[in-house]
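Counting with mature numbering (1 follows the signal peptide of the UniProt record, and there is no 0), you get residues -27 to -1, 1 to 665 for the letters of the sequence shown. Just so you know, even glycine gets a beta-carbon here, dropped at the ideal spot from N, CA and C. Here the structure is a predicted model, which means the values were calculated and not measured. Taking it in order: structure first as structure tokens, then the write-up.
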Amino acid sequence: MSSRARWVAVATVLALTVVPAALPAQAAAPEDPPALTLASGEAALVRFRLPDEAALQRLVNQGADLAARPRNQAGAVLVDLVVDDRQLAELTGQGAVPMQVIQRSSQRPQLRTQLQAAQADTLQFLQAYWWTTGGKTFLQTQVATTATDDPDVEITVTWRTADGTTGSFPLVRFEDSGEYQYHYTLPRPLPAKPVQVTATSSLGGASRAVTPAAWPGATPPATPSGYQKDFVDAYMTPVDVRARIKRLARQYPNLVDVINLPNKTQGYRRTAVAYLGNPAAAAVVVESVPFGDQGMNGVQVRTVDPGLPNRPLAATYRDRVLTLRLATDAGGKVISTTDDVAAFVTARYPQRFRAFVEDGSAGVPMPITGPVRLDDGLKGTEVPKAPWTVQALRIGKVRDGSKPGVLAYSQEHAREWATPLVTLEFAERLLANYATDATTRELVDSVDVFVVPTVNPDGANYSFNDYNFQRKNMVNHCTGTSRDPRYRDSWGVDLNRNYTVGSFFDGYVGASGNCLSGTYAGTAELSEAESGNVVALVKAHPNIGLAMNVHSYGGYFMWPPGAYKADGRVTLPRPTIDESKFFLDSARRIVSAISAERGTVTWPSYTGPVADVLYSAAGNSADELYYQLGIDAWDFEVGNDRWNETTQQWEGVGFQPPFDEAHGESQEYAGGLVELVRVARDKAAAESSDRE
Ligand SMILES: [Zn+2]
């Protein structure tokens, strides 16, 4: 029994015992209530006045179900009881007086309306924004219901324009990591600017009427006449990017430094490998320990029958041919198994070869086969194989660390081909317009800009030459059978999951420990040269206060937190209210500048913290820069969806759209990066005037 229940029981006993049964019966008798009759079999909830305490005691002893706690009133006892006609007669015969019929069993309230009233939810607009692009007006809303746990709630938004036109559309429920977030839809086309929206719910709830706000609601600075742009005319490989960096440094020596980042990459290289045997039947995978380009491409491997009894497993490596003489029994029959051969090769030539049994070939007789040629399988014959030096451009009149620093870095993910075009177009706009445009000169004189067009050149080379959807770098951390060459397009580390804050290794969501996963986090935090380079650049230049990590595609503008833990969806710490306001105000400016180019509007629902608007990305670089290094670190996903008027659908553009689209992305997002630099300049100016 709970303490509260115990207290109630004690109180009941007190009530029963304290009320003196001998209280004078002459206490003023209330006026007689109207007579109560019940039809045969009808039941009612009735409040009775009992003549004395003994009558109550009798009821309790009979097991009567007292519907409410008995109360004492003027010496009598009031009880609420459910009785039928027979019990009513019995009680009145014992002196009980019915005082009030609370409810008859025949009185059934309208269940539905009562239920709805009890369960009606409350709706609230989290966002209601409109904008116009390409001559079309769009509305986007997010609505939260208080019925967060009911997956069947349907929410409808109704809009009205100034001329009285109305329409409505349903929202869809959005959950993340099992937690209800809100209801939303993609932006909806409207005939004109909406002046009012309301939301209603299938549970009967309704929102207040809301006036949608204009998005992004900022005006970009006018482009000066004669402003030069359009510096990219094709997709650019890492070789092209390196050549462009070199050219810019030569052309603008007073404005540019080239920074060689400290960690060389592995290079566009891989070990050489061959199946010894038929992988569908019985095979051993033989792999070189050095890379293929280090003299191992073209090396041959074979197994032979020694043709003599009682021979041990043996090998020779001569003239780039590895010959494996299999073991025989007393009758001269070959007895080596696949396991024997794999273990023998690995042990015998640890500097040159490693071998493992193909999946499904364990413990079977080793076939006589070969020779087969080891090969790294790389198709990019024109690509330099050596470890790569990742480079940054440093742009500014004063490059001594005294000016506010801004970092733009792109192509952490190899397949995002449009992203180095964005950062290079941005860099060249600053440089080319310096001599001819006073506003550019004033801007460049007041800041210190760092640009890393290609963080992941090895992966980019692989994406351009071998497998265009390559996302990761080229470092293969797999062991055992996941090194099978059939998985060659799945090796590598996701660099934007390899950082130290909110990482996979810390238990955050959105990265993997599987070496074949697209979001493989690496063997440890910062295990990769490329992620180490980003951190090294920022640490070496503590004036960097703002950073933009440029990805594709989808059309997002995001900031921390970028990760949460699955259990309870606990994110990294939220920015303060002041910071969040600065982020959103800056986003509005930058989104507005992006839209100036060809009308592309990044959606309000895609503007916000990574963890809220996209997904959890454990160990991403923006979180590293923000939480570890104190930088306002944001992310672009360039390549916004395009509205198809014919199908009335938003269509994705992908990682490698036709060049015209990639060119458009480079132009509009370069404009966004220029505005980012203005944001940095204005923030620094505001902070220095605060100090004065
Ligand atoms: Zn990406």
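For residue 606 and residue 592, the rounded distance between their alpha carbons
Residue mapping note: residue 592 aligns to position 619 of the sequence shown, counting from 1. Residue mapping note: residue 606 aligns to position 633 of the sequence shown, counting from 1. Using only the alpha carbons, I get a separation of about 14 Å.
Taking 7 Å as the cut-off, is the CB of residue 429 close to at least one heavy atom of ligand 1?
To locate residue 429, count along the sequence shown from 1; it is residue 456. No; taking the cut-off as 7 Å, the Cβ of residue 429 has no heavy atom of ligand 1 nearer than that.
Go through its chain and collect everything with a Cβ distance to residue 403's Cβ below 6 Å, but skip five positions before and after it.
In the sequence shown, the residue the question calls residue 403 occupies position 430. Hits under 6 Å: 368 and 417.
With respect to the beta strand (DSSP E) encompassing residue 232, which residues constitute its N-terminal and C-terminal limits?
Within the sequence shown, numbered from 1, the residue matching residue 232 stands at position 259. First-last of the beta strand (DSSP E) with residue 232: 229 to 233.
If I follow the unbroken beta strand (DSSP E) through residue 522, where does it start and stop?
The residue you call residue 522 lines up with position 549 of the sequence shown. Element bounds for residue 522: 517 to 527.
Sequence-distant residues of its chain with Cβ nearer than 6 Å to residue 450 (five each side left out)
Taking the first residue of the sequence shown as position 1, residue 450 is located at position 477. Contacts found: 488 and 496.
Give every residue of the same chain whose Cβ lies closer than 6 Å to the Cβ of residue 121, excluding the five residues on either side of it in the sequence, and list them in chain order.
Counting from 1 along the sequence shown, the entry for residue 121 is found at position 148. If we look at residue 121 and ignore the five residues flanking it on each side, its Cβ neighbours are 153.
Own chain partners of residue 288 with C-beta closer than 6 Å, once the 5 adjacent residues on each side are dropped:
Residue mapping note: residue 288 aligns to position 315 of the sequence shown, counting from 1. Hits under 6 Å: 297 and 321.
Once the 5 residues before and after residue 658 are set aside, which same chain residues still bring their CB inside 7 Å of it?
Sequence index remark: in the sequence shown, residue 658 carries index 685 (1-based). No residues qualify anywhere along the chain.
Throw me the rounded Cβ distance for the residue 214 and residue 360 pair, which I believe falls under 8 Å.
The residue you call residue 214 lines up with position 241 of the sequence shown. The residue you call residue 360 lines up with position 387 of the sequence shown. Their Cβ separation, rounded to whole angstroms, is 16 Å, which puts residue 214 and residue 360 out of contact at 8 Å.
Beta strand (DSSP E) segment containing residue 611, residue limits
Looking up residue 611 in the sequence shown gives position 638. 605 to 613 is the extent of the beta strand (DSSP E) around residue 611.
What are the start and end residues of the alpha helix (DSSP H) that includes residue 141?
Reading the sequence shown from its first residue, position 168 is the one you call residue 141. Careful: residue 141 lies outside any alpha helix (DSSP H), inside the beta strand (DSSP E) at 139 to 143.
Below 7 Å CB to CB, which residues in the same chain sit around residue -2 once its five sequence neighbours on both sides are set aside?
Within the sequence shown, residue -2 is the residue found at index 26, counting from 1. Legend: pLDDT at residue -2 = 41, less than 50; position of this residue unreliable, value from coordinates given subsequently. If we look at residue -2 and ignore the five residues flanking it on each side, it has no Cβ neighbours.
Which stretch, first to last residue, makes up the beta strand (DSSP E) that contains residue 102?
For the purposes of this step, residue 102 is taken as the residue at position 129 of the sequence shown. Start and end: 96 to 106.
Less than 8 Å between the C-beta atoms of residue 580 and residue 574, yes or no?
Residue 580 sits at position 607 when you count from the first residue of the sequence shown. Residue 574 sits at position 601 when you count from the first residue of the sequence shown. No. Outside cutoff.
Going by DSSP, what residues sit across from residue 123 in a beta bridge?
Looking up residue 123 in the sequence shown gives position 150. Paired residues: none, contrary to the question.
Measuring straight from C-alpha to C-alpha, what distance separates residue 216 and residue 394?
For this step, residue 216 is matched to residue 243 along the sequence shown. For this step, residue 394 is matched to residue 421 along the sequence shown. The alpha-carbon atoms of residue 216 and residue 394 are separated by roughly 13 Å.
Whole angstroms are fine: how far does the CA of residue 223 sit from the CA of residue 525?
Position 552 of the sequence shown, counting from 1, holds the residue named residue 525. Position 250 of the sequence shown, counting from 1, holds the residue named residue 223. Each residue's alpha carbon lies about 30 Å from the other.
In three-state terms, what does DSSP make of residue 645?
Locating residue 645 in the sequence shown gives position 672, where the first residue counts as 1. Helix.
Mind checking residue 604: buried by the 16 CB within 10 Å criterion, or exposed?
For the purposes of this step, residue 604 is identified with residue 631 of the sequence shown, where counting begins at 1. Classification of residue 604: buried, given that the 10 Å Cβ count is 16 or more.
Among 273, 532, 400 and 550, which has the Cα closest to the Cα of residue 228?
Here residue 228 corresponds to residue number 255 of the sequence shown, with the count starting at 1. Minimum Cα distance to residue 228 is reached at 400.
Length of the line joining the Cα atoms of residue 47 and residue 40
On the sequence shown, position 74 is the one that residue 47 refers to. On the sequence shown, position 67 is the one that residue 40 refers to. About 21 Å.
Rounded straight-line distance, which links the Cα of residue 326 to that of residue 646
Numbered from 1 along the sequence shown, position 673 holds the residue referred to as residue 646. Numbered from 1 along the sequence shown, position 353 holds the residue referred to as residue 326. C-alpha separation (whole angstroms): 48 Å.
With respect to 7 Å, is the separation between the Cβ of residue 471 and the closest non-hydrogen atom of ligand 1 below this value?
Mapped onto the sequence shown, residue 471 falls at position 498. No, Cβ of residue 471 sits at least 7 Å from all heavy atoms of ligand 1.
For residue 263, I'd like the list of residues in its chain whose CB is within less than 7 Å of its CB, leaving aside the five on either flank, ordered along the chain.
Along the sequence shown, one-based indexing puts residue 263 at 290. So the list reads 269, once near-sequence residues are dropped.
Which residues does DSSP pair with residue 437 in a beta bridge?
Counting from one through the sequence shown, the residue named residue 437 turns up at place 464. Answer is none; residue 437 lacks a bridge partner.
DSSP beta-bridge partners for residue 378?
By 1-based counting over the sequence shown, the position of residue 378 is 405. According to DSSP, residue 378 bridges with 421 and 517.
Three-state secondary structure assigned by DSSP to residue 462:
Here the question's residue 462 lines up with position 489 in the sequence shown. DSSP places residue 462 in helix when its eight states are reduced to three.
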